[in-house]
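Down below is the structure, laid out as structure tokens.
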Amino acid sequence: MTRSAPAPIPGTTVFDGAEAQKGYALNRMCFSFNDAANRAAFVVDEAAYCDRYGLTPEQRAAVASRNVLQLIAAGGNIYYLAKLAGILGLNVQDLGAQQTGMSVEAFKAKLQASAQG
Amino acid sequence: MAKLVGGLAVSHVPAIGRAIADHKQQDAYWKPFFDGFGPAHDWLAKVRPEVVVVLYNDHGLNFFLDKMPTFSVGAAAQYSNADEGWGLPVRHPFKGDPDLSWHVIEHLVEEEFDLVTCQELLVDHAFCIPMELFWPNGDMPPAVPICFNTVQHPLPSALRSYKLGQALGRAIESWPEDKRVAVIATGGLSHQLDGERAGFINKEFDLLCLDRLVNDPKALTGYTTRELVALSGSQGVEVLMWIAMSAALTGRRRHIHSHYHIPISNTAAALLVIENEAVPSPA
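Rendered as structure tokens:
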């Protein structure tokens, strides 16, 4: 029995088994960033650290780009990516602004405007 | 026998933890959120729960994708917090109640929930922040953490979460200890951190959820997980824990307090308190 593909949700990746398999190495690296020593090792030699976790070329490029949508396309899950973002000094408003192509101020204003909805 | 005094639910946005650590509760940005807690604190002072069961989701502190349990129950005398990677201060360990943990485990497995049991469990901001919000003086009661998978789909359905909540309510009420117990749900309401739809908030759906959670939680079990993602955002699915909390309250229910504020960080932040009065079962 085959399952029909569910209707896509605009602007949203549902992190399912396919994504979890695709993103495993990237997410595993990001999970390691719970440890301060690992965060420091990444900062010292990013490429070597990515090697250690066996990132795919697409995942390595996404890490180098600092582009969140690209990281998600490479199988990254936002909960683990948040730990990478922490190293880069980005908070969730910065991430939201980058993904929506807005300035951080405009993104915050958009959040605020939801209160009127 | 134990008495299930009621349920509470609250958002667990990490920035709240930072605001608490930096004593910013009365800053203009934070005041509208923190000022909503008065009635919850008053109610807690009245009902004085001696143990709480906390329904929360782990964000990559204790669990990784190598092993991702759908429902896991803490069974430890103490739960530690730890570095989550982005600079939130690490909290003191929280007291557990292994006796209630094992009672809940026995009861839920008997009701055919296949659980993961954890004699060691690191609890992340989703557990710690609500405890600090409800007991700002640090005098929180011992807790039994129950972790839901909201990271990797398939997630437990709304109906499954509801049924788990009902079984949890029955488990608590059959605990032989003469103690007052409350159930706490954490997370939500609508928010989405990832994708082109980042920043998505749905006030209309949140307000509908807050109403149904008080008056008719079963109505929320008709949504599929994908529908919940579409309506409340990728991380808004944390409403699953709120559904389970409400379902646990099987007695006479009384709405004590709701509070809703947009935005805290990227999230529609909410607070809900429902009292539960046991209805004696017919002899």
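Line order of the protein sequences matches chains A and B. What the first sequence shows, in our numbering, is residues 1 to 117, in sequence order. What the second sequence shows, in our numbering, is residues 1001 to 1283, in sequence order. We put the beta carbon where it would ideally sit given N, CA and C, even for glycine.
In terms of alpha-carbon separation, which member of the options lies closest to residue i?
i: Cys1128 (chain B); options: B:Glu1196, B:Ile1264, B:Gly1187; result: B:Gly1187
i: Thr1070 (chain B); options: B:Ile1146, B:Val1123, B:Ala1230, B:Ala1185; result: B:Ile1146
i: Ala1247 (chain B); options: B:Asn1266, B:His1259, B:Ile1264, B:Pro1217; result: B:Pro1217
i: His1012 (chain B); options: B:Phe1064, B:Val1005, B:Ile1020; result: B:Ile1020
i: Gly11 (chain A); options: B:Ser1234, B:Val1214, B:Leu1228; result: B:Ser1234
i: Trp1102 (chain B); options: B:Asp1194, B:Leu1189, B:Leu1220, B:Val1116; result: B:Val1116
i: Gln59 (chain A); options: A:Ala20, A:Leu26, A:Ala97; result: A:Leu26
i: Gln1166 (chain B); options: B:His1153, B:Val1273, B:Thr1221; result: B:Thr1221
i: Val1181 (chain B); options: B:Val1104, B:Glu1111, B:Thr1225; result: B:Val1104
i: Val1229 (chain B); options: B:His1107, B:Ser1190, B:Ala1219, B:Leu1213; result: B:Ser1190
i: Asp1114 (chain B); options: B:Gly1085, B:Ser1080, B:Pro1156; result: B:Pro1156
i: Val1052 (chain B); options: B:Ala1082, B:Val1090, B:Ala1009; result: B:Ala1009
i: Glu1112 (chain B); options: B:Lys1163, B:Ala1143, B:Gln1078; result: B:Lys1163
i: Pro1136 (chain B); options: B:Ala1040, B:Val1279, B:Leu1231; result: B:Ala1040
i: Glu1084 (chain B); options: B:Asp1042, B:Val1109, B:Gly1017; result: B:Gly1017
i: Ile1274 (chain B); options: B:Gly1199, B:Arg1252, B:Pro1280; result: B:Arg1252
What did DSSP end up calling residue i once you bin it into helix, strand or coil?
i: Glu19 (chain A); result: helix
i: Leu1122 (chain B); result: strand
i: Ser1080 (chain B); result: strand
i: Ile1274 (chain B); result: strand
i: Ile9 (chain A); result: coil
i: Leu1065 (chain B); result: coil
i: Arg1091 (chain B); result: coil
i: His1107 (chain B); result: helix
i: His1010 (chain B); result: The residue you asked about is not His; residue 1010 (chain B) is Val in the sequence shown. The answer is strand: DSSP assigns Val1010 (chain B) an E or B state.
i: Tyr49 (chain A); result: helix
i: Ser1258 (chain B); result: strand
i: Pro1098 (chain B); result: helix
i: Ile1201 (chain B); result: coil
i: Ser1265 (chain B); result: coil
i: Ala113 (chain A); result: helix
i: Thr1221 (chain B); result: helix
i: Asn1057 (chain B); result: strand
i: Leu1208 (chain B); result: helix
i: Gly1236 (chain B); result: helix
i: Phe1148 (chain B); result: strand
i: Val1214 (chain B); result: helix
i: Leu1004 (chain B); result: strand
i: Arg1253 (chain B); result: strand
i: Thr56 (chain A); result: coil
i: Ala1182 (chain B); result: strand
i: Ser1246 (chain B); result: helix
i: Ala64 (chain A); result: helix
i: Val1279 (chain B); result: coil
Between residue i and residue j, what straight-line distance do the alpha-carbon atoms span, to the nearest angstrom?
i: Lys1031 (chain B); j: Asp1097 (chain B); result: 34 Å
i: Ser1258 (chain B); j: Leu1271 (chain B); result: 6 Å
i: Pro57 (chain A); j: Leu71 (chain A); result: 12 Å
i: Asp1022 (chain B); j: Gly96 (chain A); result: 24 Å
i: Ala5 (chain A); j: Gly1036 (chain B); result: 42 Å
i: Ser1265 (chain B); j: Lys110 (chain A); result: 12 Å
i: Leu55 (chain A); j: Val1151 (chain B); result: 21 Å
i: Val1237 (chain B); j: Leu1100 (chain B); result: 27 Å
i: Glu1120 (chain B); j: Gln21 (chain A); result: 27 Å
i: Ala1192 (chain B); j: Ser1161 (chain B); result: The residue asked about is misnamed: residue 1192 (chain B) is Gln in this sequence, not Ala. Each residue's Cα considered, the two are about 21 Å apart.
i: Gln93 (chain A); j: Ser114 (chain A); result: 15 Å
i: Gln112 (chain A); j: Asp16 (chain A); result: 31 Å
i: Gly1038 (chain B); j: Pro1141 (chain B); result: 19 Å
i: Leu88 (chain A); j: Ala47 (chain A); result: 15 Å
i: Asn1215 (chain B); j: Asn1081 (chain B); result: 35 Å
i: Val68 (chain A); j: His1125 (chain B); result: 23 Å
i: Val14 (chain A); j: Lys1203 (chain B); result: 22 Å
i: Leu1108 (chain B); j: Gly1169 (chain B); result: 10 Å
i: Val1054 (chain B); j: Phe1148 (chain B); result: 11 Å
With 16 other CB atoms within 10 Å as the buried threshold, where does residue i fall?
i: Gly101 (chain A); result: exposed
i: Met1131 (chain B); result: buried
i: Met1001 (chain B); result: exposed
i: His1092 (chain B); result: exposed
i: Asp1066 (chain B); result: exposed
i: Lys83 (chain A); result: buried
i: Tyr1029 (chain B); result: exposed
i: Ala74 (chain A); result: buried
i: Pro1014 (chain B); result: buried
i: Asn77 (chain A); result: buried
i: Gly1087 (chain B); result: exposed
i: Arg1197 (chain B); result: buried
The ligand SAM heavy atoms versus the CB of residue i: any closer than 7 Å?
i: Val1151 (chain B); result: Within the structure as shown, the ligand SAM is missing, as the structure has no ligands at all.
Mind listing the chain C neighbours of residue i? Cutoff is C-beta to C-beta under 7 Å, in chain order.
i: Phe33 (chain A); result: Included in the structure are the protein chains A and B, with no chain C among them.
Report task. Tell me, please, whether the region 1202-1210 of chain B touches the region 1233-1251 of chain B by the rule of three or more beta-carbon pairs shorter than 8 Å. Result -> yes
Query - contact_flag[the region 1064-1084 of chain B, the region 1167-1176 of chain B] where n(CB pairs < 8 Å) is 3 or more - result: no
Query raised in the report: So does the region 24-42 of chain A actually touch the region 1049-1064 of chain B, counting three or more Cβ pairs closer than 8 Å?
Result: yes
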